[in-house]
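Undergrad: Numbering (the working numbering), first residue to last: 1 to 175. Virtual Cβ for every residue (Gly too), placed ideally from N, Cα, C.
1) Under 8 Å: do the segment 16 to 28 and the segment 106 to 113 share three or more Cβ pairs, one atom per stretch?
2) Using the Cα positions of residue 160 and residue 118, report the straight-line distance between them to the nearest angstrom.
3) Exposed or buried, what is residue 154 when buried is set at 16 or more other beta-carbons lying within 10 Å of its beta-carbon?
4) If you measure between the beta carbons of residue 35 and residue 7, is that distance less than 8 Å?
5) Kindly indicate which residue of 142, 115, 52, 116 has the alpha-carbon position closest to the one of residue 14.
6) Starting from the C-beta of residue 17, find all residues in its chain whose C-beta is less than 7 Å away, skip the five residues before and the five after it, and write them out in chain order.
7) Going by DSSP, what residue range makes up the alpha helix (DSSP H) through residue 28?
8) With C-beta atoms as the reference, is residue 260 less than 8 Å away from residue 130?
9) If contacts are defined as beta-carbon pairs under 8 Å, then residue 151 and residue 142 qualify, I think. What distance do you get, rounded to the angstrom?
10) Buried or exposed: which applies to residue 45, given that a residue is buried once 16 or more other Cβ atoms fall within 10 Å of its Cβ?
11) For the alpha helix (DSSP H) holding residue 128, just list the boundary residues, first then last.
12) Distance, Cα to Cα, residue 33 vs residue 9?
13) Drop a sphere of 10 angstroms on the beta-carbon of residue 144, count the other beta-carbons inside from all chains shown, and report buried for 16 or more, exposed for fewer.
14) Less than 6 Å between C-beta atoms, sequence neighbours within five positions excluded: which residues of the same chain meet that for residue 68?
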């Protein structure tokens, strides 16, 4: 009963975090796995910080585990394409042509970035997403990933080099 109250309190914020890190069709599974891990970690919880931050940290590590397991399996499902098409149609109806072109450009850039990131190891992918795409401090990324701040900086440096090289290989141009 008490855990149900915890789930009610943290489910939505965790879902928002997880949605940014895993494919849409995997959100529910990763959320469930995160809640199980939170349940298992409760006896060791120390009230040093906010409980929600504790839960988000576990959820992010679960996302990290997801990418570690699914490292090279990139698959576009027909249902995802249908959902994307519906979303696109709804968005298109609500926008004028100019904002549509800007949105299309951003979607294309995001697609290119996702393709380039898909070749990276899970650790580098997570650190790039957290620091550059979510604009989180390197210290927070280090804490969430369970590595040192210096290791995050080194990973960022190396990941930027790999990303730059991959984008050039894809014909995007020099950055």
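TA: So, to answer that:
1) no
2) 14 Å
3) exposed
4) yes
5) 52
6) 56, 59, 60
7) 27 to 41
8) Residue 260 falls outside the range modelled here, since the chain spans only 1 to 175, and no answer is possible.
9) 7 Å
10) exposed
11) 122 to 128
12) 17 Å
13) buried
14) 122
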